[in-house]
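Down below is the structure, laid out as structure tokens.
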Amino acid sequence: MNAAVPGPGRHPDEGRGVPPRHPTAHPPPGNAPLLPHEAPEGTELHIVGVHLYLQDDNGRVLLGLRHPASAFAGGEWHALAGHCEREETTSCLVRESREEAGLIIEPDEVEPAHLVHSVDSPAARPRIQLFYRARHWSGVPQVREPDRCVEWRWWNPKDLPANVVPYTRQAVEANLSGRLYSHMGWT
Numbered sequence: 038m039n040a041a042v043p044g045p046g047r048h049p050d051e052g053r054g055v056p057p058r059h060p061t062a063h064p065p066p067g068n069a070p071l072l073p074h075e076a077p078e079g080t081e082l083h084i085v086g087v088h089l090y091l092q093d094d095n096g097r098v099l100l101g102l103r104h105p106a107s108a109f110a111g112g113e114w115h116a117l118a119g120h121c122e123r124e125e126t127t128s129c130l131v132r133e134s135r136e137e138a139g140l141i142i143e144p145d146e147v148e149p150a151h152l153v154h155s156v157d158s159p160a161a162r163p164r165i166q167l168f169y170r171a172r173h174w175s176g177v178p179q180v181r182e183p184d185r186c187v188e189w190r191w192w193n194p195k196d197l198p199a200n201v202v203p204y205t206r207q208a209v210e211a212n213l214s215g216r217l218y219s220h221m222g223w224t
């Protein structure tokens with residue numbers, strides 16, 4: 038019996054009764070170096086992070102408390118977020134919202150809220166941190182990845198806790214003043 042070859046963007050287990058799982062439900066990331074025709078010399082690849090800037094009817098923003106042993110920002114409050122794999126940004130946001138908090142968001146119900154262009158150190162890869170606002174959603178935030186997030190809580194954006202991821206705080210404050218762009222860590 039011949040094994041079916043998955044189509045473009047499909048996981049080999051798809052159609053074999055194996056439920057799609059993150060991250061194996063997505064094609065492997067392209068880690069190849071830039072080719073000469075892809076970008077001018079000196080171009081540096083950036084990591085794209087997608088974040089949910091979600092406000093309830095009282096104007097409070099949703100933040101999750103990162104697990105203390107988390108590889109990133111342990112014990113700090115952070116927006117629901119994820120890294121883009123081989124997908125466009127609103128698909129990433131919809132997927133991460135469902136996986137991390139059980140929230141259902143339709144791609145056409147989100148709009149850009151803020152962009153933080155950041156770099157942690159001269160040796161670190163720069164990052165594009167995209168924050169999207171969801172106009173409508175369904176579901177109640179629930180902890181679905183307890184190894185990464187231990188609690189979801191709504192916060193007054195003018196009274197955030199002290200331990201918020203710095204670029205998340207920056208994005209929340211920028212939203213309050215109507216700024217769509219900020220940067221962090223560049224000298």
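Here the sequence shown stands for residues 38 to 224, numbered as in my numbering.
Built from N, CA and C at the ideal position, the CB exists for glycine as well.
Everything numeric in this text was worked out from a predicted model, so none of it was measured.
A residue is called buried once 16 or more other Cβ atoms fall within 10 Å of its Cβ, and Phe109, having fewer, is exposed. Using a 10 angstroms sphere on the CB of Gln179, the tally of other CB atoms stays under 16, which defines it as exposed. The three-state reading of DSSP puts Val202 in coil, since its state is none of H, G, I, E or B. Look at Pro149 here: in three-state DSSP terms it is strand. Contact between Val87 and Leu152 fails: their C-beta atoms lie close to 11 Å from each other, not under 8 Å.
Around the Cβ of Ser175, a 10 Å sphere holds fewer than 16 other Cβ atoms; the residue is exposed. Secondary structure at Ala208: helix, using DSSP grouped into helix, strand and coil. In the three-state scheme derived from DSSP, where H, G and I count as helix and E and B as strand, Ser175 is classed as strand. Following the DSSP letters along the chain, one finds Arg103 in no alpha helix (DSSP H) but inside the beta strand (DSSP E) bounded by residues Val98 to Arg103. Contact between Ile84 and His120 is confirmed by a C-beta separation of about 6 Å, below the 8 Å threshold. With three or more CB-CB distances shorter than 8 Å, the stretch 89-99 counts as touching the stretch 156-172. Your pair Leu102 and Cys186 checks out as a contact, with CB atoms roughly 7 Å apart and the cut at 8 Å. Taking C-beta atoms as the reference points, His74 and His154 fail to come closer than 9 Å. Ser214 counts as exposed, since fewer than 16 other beta carbons sit within 10 angstroms of its beta carbon.
Under the DSSP assignment, Arg135 falls in the alpha helix (DSSP H) whose first and last residues are Thr126 to Ala138. In this structure Gly79 is not in contact with Val156, their Cβ atoms being roughly 15 Å apart against a cut-off of 8 Å. Counting along the chain, Ser219 sits inside the beta strand (DSSP E) bounded by residues Tyr218 to Met221.
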